[in-house]
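First the structure, in the form of structure tokens, and then the observations on it.
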Amino acid sequence: MAEIFPGIHWLKSPIALEQSSLAHVNIYLVEGDKGYLLVDAGWNTDISFSTLHNFLIKKGKNFHDIKQIVVTHVHPDHYGMAGRIKELSGATLAMYHTEKDFIEPRYVSMEELLQKTDRMLVVNGTPEKEMVVLRDASLDVEKYIVPTQPDQLLHDGDTITTGLFTFRVIWTPGHSSGHICLHEPDKKVLISGDHILPRITPNISVNPQSIENPLGRYLESLKELRRLDVELTLPGHDEPFKNLKQRIDEIIYHHGLRNLEILGTLASRPRTAYRIAKEASWGDNAAWKDLPPFHQRMAVFETLAHLEMMAAESRVDKLTRKGIIYWAEK
Ligand SMILES: [Zn+2]
Ligand SMILES: [Zn+2]
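Positions in the sequence shown are counted from 1; adding 163 to them yields the numbering used here.
Encoded structure:
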């Protein structure tokens, strides 16, 4: 726990699942004249709950001192405990207006989303025998989430004020299509969620809930953030950092290299996204076979994001043969 900026407290909330390479998710408590604004909530586990509870006790506060909750997006590590905190505190819960639509299909009635994911894996070349493992890879997260509807729907350009801080909502689609960042122009602080992380590049994938060309949209929204006056960036994972513009340039460069790597696999003949993902290198040069099923599934959908972006730029062709999608060099 640290006051990372005067009036902004940073808590490292432990993650619930070992399959993530990230040790914790960051939650931020921003001071206000009536109480705290909580940005992101962490997984709904006893240990994350105590992390927050202990902070409040140490400050001589309780849950009723949390007045507003904003989630950057509804992934379980950011949204999981929001419902439980809302219940205890009576705080309002806010999120981007389109992000709300993912709560029900992701966490309440999952059958349709599973079927769509299934279909997407099949048309992109995943062999039948690997299907079940890949499709069901993330089923065990539901117990760490309290699905709760928001009280307030946010739009790009809206402001969220605590009386001491006024954040502008910036819609940053890509990692999730209703992802937002919060910018405090006077304090030069940016809360970046999973849009910009200091060490790893966030997962950008084509999936049943993504918008068209998510990687293209992601890079566009990065460039938009590059124009902001920011001294301190508070990310959703890892450590807060100062050099935002440099980090944005690194991420853009990384995706450029990935595009080239993927183009390289298409040199001899058309391939499916599954096949390309299998041949590509994955984080720290890990080979496909070493990735756990959940990461293999993400790898197929990340590869698709690169392919869709290059298709939008007329660098690759998309072909359909017998219901299976193949990608070819232009
Ligand atoms: Zn996320
Ligand atoms: Zn996250």
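Positions of the beta carbon are idealized from the N, C-alpha and C atoms, including for glycine.
Heavy atom of ligand 1 within 7 Å of residue i beta-carbon
i	result
Ser-339	yes
Asp-401	no
Asp-357	yes
His-241	yes
His-236	yes
Residue environment, residue i, which counts as buried when at least 16 other CB atoms sit within 10 Å
i	result
Val-393	buried
Thr-322	exposed
His-227	exposed
Ala-204	buried
Thr-324	exposed
Val-271	exposed
Ile-178	buried
Gln-459	buried
Glu-383	exposed
Ile-333	buried
Coarse secondary structure for residue i, derived from DSSP in three states
i	result
Arg-478	coil
Val-304	helix
Ala-436	helix
Glu-492	strand
His-346	strand
Phe-330	strand
Lys-175	strand
Trp-445	strand
Arg-390	coil
Arg-460	helix
Ser-355	strand
Val-369	coil
Lys-230	strand
Arg-362	coil
Residue i CB to nearest heavy atom of ligand 2 below 7 Å
i	result
Asp-281	no
Val-271	no
Val-202	no
Gln-304	It should be pointed out that residue 304 corresponds to Val in this sequence rather than to Gln. It does not: the Cβ of Val-304 is nowhere closer than 7 Å to a heavy atom of ligand 2.
Val-285	no
Val-188	yes
Straight-line gap, residue i to residue j (C-alpha atoms, nearest Å)
i	j	result
Arg-478	Leu-467	14 Å
Trp-258	Leu-201	Note on identity: in this sequence residue 258 is Met, with Trp being the wrong assignment. Using only the alpha carbons, I get a separation of about 12 Å.
Thr-214	Ala-491	50 Å
Glu-293	Leu-276	18 Å
Asn-406	Ile-354	14 Å
Ala-254	Ile-359	27 Å
Ser-176	Leu-482	44 Å
Ser-373	Ser-340	6 Å
Asp-412	Leu-327	32 Å
Asp-401	His-187	7 Å
Tyr-437	His-417	21 Å
Gly-223	Leu-317	31 Å
Leu-174	Val-304	22 Å
Ile-266	Asn-217	29 Å
Pro-403	Arg-421	26 Å
Beta-carbon proximity check, residue i vs residue j, cutoff 8 Å
i	j	result
Gly-399	Gly-337	no
Thr-208	Leu-256	no
Arg-389	Lys-408	yes
Pro-169	Trp-206	no
Lys-249	Ile-232	yes
Ile-488	Thr-435	yes
Ala-443	Thr-428	yes
Arg-410	Pro-377	no
Tyr-199	Gly-243	no
Ile-363	Thr-235	no
Val-189	Thr-280	It is Asn, not Val, that sits at residue 189 in the sequence shown. No, the pair does not count as a contact, with Cβ atoms beyond the cut-off.
Ala-474	Ala-440	no
Arg-269	Val-309	no
Lys-351	Leu-397	no
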